[in-house]
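Asker: To start, I am sharing the structure in question, which I have written as structure tokens.
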Amino acid sequence: MWVGSLFRHHISRAKRIAQNKPPYDGNFWVSEKHKLIYLSIPKNANSYFKSLFLYNHPVAFDYVPELETANEYLSRTAKKGELTATSATILRDKGYTKFVILRDPLARLVSAYLDKVVNSARMSRHDERRGKAYHSDGFFNEISQTLGVKVDRDTLSFSQLLRYLEKTSPFLVDKHYRAQWIFLNRIPFDYYGTMENIPDVLDFLKSRGLRTHSFTARSPKRTPYTKPLPSGSNRNIADMPASDLRLCDRYPPAQEFFKQPATLERAAKLYKSDISIFLKVQALDKEAYFKRYR
């Protein structure tokens, strides 16, 4: 049971509040020059927007996005402490504009699985130098213990990952699968962008004085997806082991992982709050949203 770990988690959060520190679920990137605070959430174009933020930040004057990723730069220079909030007070300062990038919760879940599990065996020396994080053996051991069946980076299926997430506290799961509402932490933001509307986000940042024109960042390549499979296909992608998916030149799109109604229903229940937030930000109808996955 995760009750003890969850208790320690909440005690730690309470201590941070008492010490007036920002929530540790996310990083709040601060630009005094532009009076902006950016909350970065994993799997939400995090690498790209961190690079853009650094590119425009006076502290990161020596950052060249074409030559290194944001994580490479931060590891090399140890400047993260100068770029992120160290006190929760600044989050309440109305002189700053707080913004965050959200993502379709179901697409984000599939992307995390493909990137951190399926792609893990493809890690190159370049990935290691770049600091690209894949799951350790401990991650798979924890899933094995939770499900009562041995899994590893080759055998773990999307369905098994979903079962593990259902059995684990949402506060304790790896940050790439952690619900976005936990990162938001009830903090009101002035601007909510989405990965589905990147041009609008760039226009917003440009209006705040950031250089976005012709910006090019060296970041991990996007997950290559195929077009949806023909209607009537009998393949249940969600039950395929990671090793089988790894053989694909291009991965099935997110909706293919939810072909089984039960899988879609379970994931929708697990990320119910995230879906509600996403629909509100995107001004989408609930039925229209789920239609794309049916």
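For the sequence shown, the working numbering begins at 11 and goes up steadily by one.
Virtual Cβ for every residue (Gly too), placed ideally from N, Cα, C.
Assuming Phe268 is part of the beta strand (DSSP E), what are its boundary residues?
Answerer: Careful: Phe268 lies outside any beta strand (DSSP E) and carries neither H nor E.
Asker: Of all the options Phe59, Thr79, Ala293, Ile47, which has the alpha carbon lying nearest to the alpha carbon of Leu194?
Answerer: Of the candidates Phe59, Thr79, Ala293, Ile47, the one whose C-alpha sits nearest the C-alpha of Leu194 is Ile47.
Asker: So, using beta-carbon positions, are Ala248 and Ser169 closer together than 7 Å?
Answerer: Cβ distance < 7 Å, so Ala248 and Ser169 count as in contact.
Asker: Helix or strand or just coil, what does DSSP make of Thr99?
Answerer: DSSP places Thr99 in helix when its eight states are reduced to three.
Asker: Any idea what DSSP makes of Asp148, helix, strand or coil?
Answerer: According to the sequence displayed, residue 148 carries Gly and not Asp. Reduced to three states, the DSSP call for Gly148 is helix.
Asker: So, using beta-carbon positions, are Tyr65 and Ala122 closer together than 7 Å?
Answerer: Not a contact, by the Cβ cut-off of 7 Å.
Asker: Identify, in the order they occur along the chain, each residue of the same chain with its Cβ nearer than 7 Å to the Cβ of Val291, setting aside the five sequence neighbours on each side.
Answerer: Result list for Val291: Leu112, Tyr202, Thr204, in chain order.
Asker: Would you say Tyr281 and Pro52 are within 7 Å of each other, going by their C-beta atoms?
Answerer: Going by C-beta atoms, Tyr281 is not nearer than 7 Å to Pro52.
Asker: Are the CB atoms of His44 and Arg221 within a distance shorter than 7 Å?
Answerer: Not a contact, by the Cβ cut-off of 7 Å.
Asker: From His145, Lys296, Leu84, Phe300, pick the residue whose C-alpha is nearest to that of Gln270; which is it?
Answerer: When each option's Cα is compared against that of Gln270, the closest is Phe300.
Asker: Enumerate in chain order the residues of its own chain whose CB-to-CB distance from Arg173 is below 7 Å, with the five nearest sequence positions on each side excluded.
Answerer: Answer for Arg173: Leu157, listed in chain order.
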